[in-house]
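This report concerns only the one structure given below.
Protein chains: 2
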Amino acid sequence: MRELTVDDIECLAIGAAVLGTGGGGDPYLGKLMAKQAILERGNVRLITTDELPDDKLVIPSAMMGAPAVLLEKLPNGGEPEKALQAIETYTGKKAFATISIEAGGINSTIPVYTAARLGLPLVDADGMGRAFPEIPMVTFSIGGVKASPMICCDEKGNMVILETVDNQWVETLSRTVTVAMGLSSMISCYVMDGKTVKKLAVKGTMSLAIEIGRRIVESNREKKSPIDAILSLTRGFRLFEGKVTDVQRDLTTGFVRGKALFSGIETYKGSSLILEFQNENLIALLDGEPAAMVPDLITALDRENGTPITTEHLKYGQRVVVIGMPCDPVWRTDEGIKQVGPRYFKYDMDYTPIEELAT
Amino acid sequence: MRELTVDDIECLAIGAAVLGTGGGGDPYLGKLMAKQAILERGNVRLITTDELPDDKLVIPSAMMGAPAVLLEKLPNGGEPEKALQAIETYTGKKAFATISIEAGGINSTIPVYTAARLGLPLVDADGMGRAFPEIPMVTFSIGGVKASPMICCDEKGNMVILETVDNQWVETLSRTVTVAMGLSSMISCYVMDGKTVKKLAVKGTMSLAIEIGRRIVESNREKKSPIDAILSLTRGFRLFEGKVTDVQRDLTTGFVRGKALFSGIETYKGSSLILEFQNENLIALLDGEPAAMVPDLITALDRENGTPITTEHLKYGQRVVVIGMPCDPVWRTDEGIKQVGPRYFKYDMDYTPIEELAT
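Going down the list, the sequences are from chains X and R. Counting in the working numbering, the first sequence runs without a single skipped number right up to 414 at its last residue. Counting in the working numbering, the second sequence runs without a single skipped number right up to 414 at its last residue.
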């Protein structure tokens with residue numbers, strides 16, 4: 056057990072954006088919410104999965120939809136805890152702790168907010184080890200946990216409870232509800248006992264994200280390379296250095312789909328890189344050949360200070376370093392590749408691990 | 056109290072289509088379901104609102120969406136009772152009886168089905184005295200009853216529970232859920248006590264629909280005019296006799312929107328009539344001038360046998376009589392007109408009662 060302080064949240068938000076692989080949302084608003092809640096209610100206890108009793112209930116807390124709309128459609132602040140408590144009421148069981156579904160992006164800080172508000176410990180783990188765009192894309196789902204009952208709450212006071220036949224129907228129905236609620240909602244789903252969390256969660260991701268954030272901040276202070284620090288923590292690879300020459304985005308489907316084109320400045324390998332994304336970065340093509348692909352992590356970092364750049368913030372002229380990082384082993388199983396591999400995202404190629412592509 | 060028999064259901068389905076004003080759905084499938092349930096479980100007790108204890112709970116049962124899809128996407132049969140029972144579980148209260156939300160169309164027979172399956176009495180009343188396309192368009196809503204908690208169940212086994220800040224949000228969220236479920240769902244909403252039902256429901260509509268149906272059948276058997284019989288039961292007016300010369304429909308918005316053009320055969324008044332509809336017939340224009348408008352009832356009947364023709368069954372060459380019938384007085388109040396008057400449906404005109412227009 057350690058305590059999460061306001062300072063930790065600052066680092067968590069930066070590190071979570073690295074694990075967010077371009078998506079998962081700008082953690083800015085979630086960071087403000089989590090910091091405010093800690094200032095008001097005190098530090099949050101971050102417990103390891105080992106500290107979790109097998110028979111106690113863990114109820115995740117998350118935001119669903121397009122994080123960008125949160126900047127104009129502010130949460131009222133009550134939704135995340137309302138969603139979690141609605142699960143408690145609906146199932147008749149009390150939460151022992153909460154957990155992040157998605158360590159990357161805004162969903163790293165929302166559970167901290169909920170934990171602080173409800174006085175619950177937060178488990179140092181998540182269901183992705185990164186960010187993914189859809190509800191079934193979590194290790195819990197791969198392990199057979201039902202996403203439902205699921206709760207969606209909006210800032211107006213509306214609440215929807217879903218009970219579905221499978222996790223894909225949770226995705227379909229909660230997505231349409233979230234769009235109708237104005238493209239964002241606060242959710243709770245994947246209710247699990249401690250034993251299941253121990254078995255299925257990606258462990259240590261909260262403290263990893265904090266550590267990544269802290270090393271970026273410290274490296275900059277000490278005039279060292281923040282990118283080297285990130286690569287060492289994540290066992291990652293430098294894929295490309297270059298500048299953004301074009302960005303295309305399409306938001307019509309409820310996701311941010313598009314691609315960014317980079318041309319080399321100090322050529323690392325090849326002379327151009329294309330990054331294709333659906334909320335998250337899916338594939339990096341170096342001179343037309345795959346350099347990294349889902350489910351491995353691909354993140355664009357500011358070349359000067361190592362700050363992660365989310366897909367919505369990519370713009371012409373930015374100098375970036377694109378890095379690739381190996382994903383959690385569960386995503387490399389047959390079931391994992393089926394759920395989140397390149398073919399799921401309509402790429403006609405087999406998954407090749409970044410370690411093979413980069414060497 | 057009277058008992059509803061299989062024979063009554065046959066008449067109910069016909070009469071409900073007259074009150075359905077072109078919409079409310081073809082009652083065919085609901086009729087089969089209700090008859091089957093009565094054959095299996097016995098007759099349904101139809102009780103008057105006077106027989107309803109003030110403090111007992113009434114939980115409505117209905118179908119939402121596009122009734123036309125039910126002909127291909129058959130209910131599994133368990134959804135209507137599952138929706139009602141889910142409200143019981145969610146509120147922790149037992150239903151004393153069920154009730155129709157909408158006497159017109161398929162929602163006249165679905166509650167009979169649910170009543171038979173659950174052994175509940177059915178209240179001889181409804182929330183419209185006709186059919187309307189949207190959830191808040193019921194007398195219960197005008198009287199301040201909350202539509203939520205609302206349950207939507209689909210034939211696959213998915214269930215959604217809605218808790219909203221107002222009845223318009225129930226409409227928005229349940230509509231989007233129903234579309235995602237494949238354009239139809241079985242629902243329960245507007246939970247009320249007996250006292251509220253007595254105060255707000257349109258009374259006697261089930262027995263009125265049965266009586267209309269019975270008189271159509273009998274008139275045909277006795278070679279009398281079924282149309283005269285309908286007009287006498289509903290205090291209605293004959294607006295036009297003619298044949299269908301054109302029908303336009305657009306289903307893209309989740310409703311059936313469109314219009315039908317009729318030209319006179321034995322001209323009653325004027326030489327052409329246009330019927331505009333959104334699921335239900337909204338306005339009849341006789342040589343360009345309003346002859347009847349929402350919330351009054353407008354129904355097209357087969358000129359030979361008085362069978363009501365729903366908007367989806369209107370087709371070129373049909374010989375029809377178009378009739379208009381006065382709506383329940385609650386729809387003529389300021390609040391009623393605001394909710395379902397011509398301006399709500401984007402017509403730039405004030406509501407004029409059919410009695411004034413027809414004389």
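C-beta: ideal position from N, C-alpha, C; glycine also. Computed from a prediction, not measured in an experiment: that's the story for all the values here.
Chain R within 8 Å of residue i, Cβ atoms only
i, result
"X/Thr231", "yes"
"X/Thr227", "yes"
Close Cβ partners of residue i (< 6 Å) along its chain, the five nearest in sequence each way excluded
i, result
"X/Ala355", "Ile364, Val375 and Val377"
"R/Tyr371", "Val299"
"R/Leu84", "Leu125"
"R/Met380", "Thr289, Gly291 and Leu352"
"R/Leu340", "Ile329"
"X/His368", "none"
"X/Asn336", "Thr76, Gly77, Leu330 and Ile353"
"X/Ala264", "Leu67, Gly70, Ala71, Leu74, Ala158 and Ser163"
"X/Lys419", "Past the boundaries of the shown model lies residue 419 of chain X; chain X is included only from 56 to 414, so the question cannot be answered."
Chain X contact for residue i (CB, 8 Å cutoff)
i, result
"R/Glu277", "no"
"R/Asn336", "no"
"R/Trp224", "yes"
Status (buried if at least 16 other CB within 10 Å, exposed otherwise) for residue i
i, result
"X/Ser131", "Before going further, note that residue 131 of chain X is Asn rather than Ser in the sequence given. Label assigned to X/Asn131: exposed."
"R/Ile142", "buried"
"R/Thr169", "buried"
"R/Pro384", "exposed"
"X/Ala104", "Reading the sequence as shown, one finds Thr at residue 104 of chain X and not Ala. Buried, by the Cβ-count rule."
"X/Leu126", "exposed"
"R/Ser287", "exposed"
"X/Lys279", "exposed"
"X/Leu129", "exposed"
"X/Glu95", "exposed"
"X/Thr260", "buried"
"X/Glu136", "buried"
"R/Ile409", "buried"
"R/Ser326", "exposed"
"X/Thr76", "buried"
"R/Lys90", "buried"
"X/Arg185", "buried"
"R/Thr153", "buried"
"R/Asn334", "buried"
"X/Met348", "buried"
Counterpart residues of residue i in DSSP-defined beta bridges
i, result
"R/Asp305", "R/Arg312"
"R/Ser239", "R/Gly120"
"X/Met380", "X/Leu352"
"X/Pro108", "DSSP lists no partner for X/Pro108."
"R/Val299", "R/Phe317"
"X/Met247", "X/Val113"
"X/Cys208", "X/Met214 and X/Met241"
"R/Val178", "R/Ile102"
"R/Glu331", "R/Lys314 and R/Ile338"
"R/Lys258", "R/Ala180"
"X/Leu59", "X/Val99"
Cβ-based neighbour list, residue i, same chain, cut-off 8 Å, excluding 5 preceding and 5 following
i, result
"R/Leu87", "none"
"X/Ser262", "Arg57, Leu101 and Asp179"
"R/Glu390", "Ile197"
"X/Val302", "Gly313, Lys314, Ala315, Leu316, Leu369, Lys370 and Tyr371"
"X/Arg304", "Val311, Arg312, Gly313, Thr366 and Glu367"
"X/Met192", "Met183, Gln394 and Val395"
Own chain partners of residue i with C-beta closer than 7 Å, once the 5 adjacent residues on each side are dropped
i, result
"X/Pro82", "Ala68, Ala71, Ala72, Gly160, Ile161, Ser163 and Thr164"
"R/Ala123", "Glu367"
Using Cβ-Cβ distances below 7 Å, what residues of the stretch 211 to 222 of chain R are close to chain X? Lys211, Gly212, Asn213, Met214, Val215, Ile216, Leu217, Glu218, Thr219 and Val220
Cβ-based contacts, 8 Å cut-off: residues of the stretch 234 to 263 of chain X near chain R: Residues are counted here when their Cβ sits less than 8 Å from a Cβ of chain R; for the stretch 234 to 263 of chain X these are Val234, Ala235 and Met236, given in chain order.
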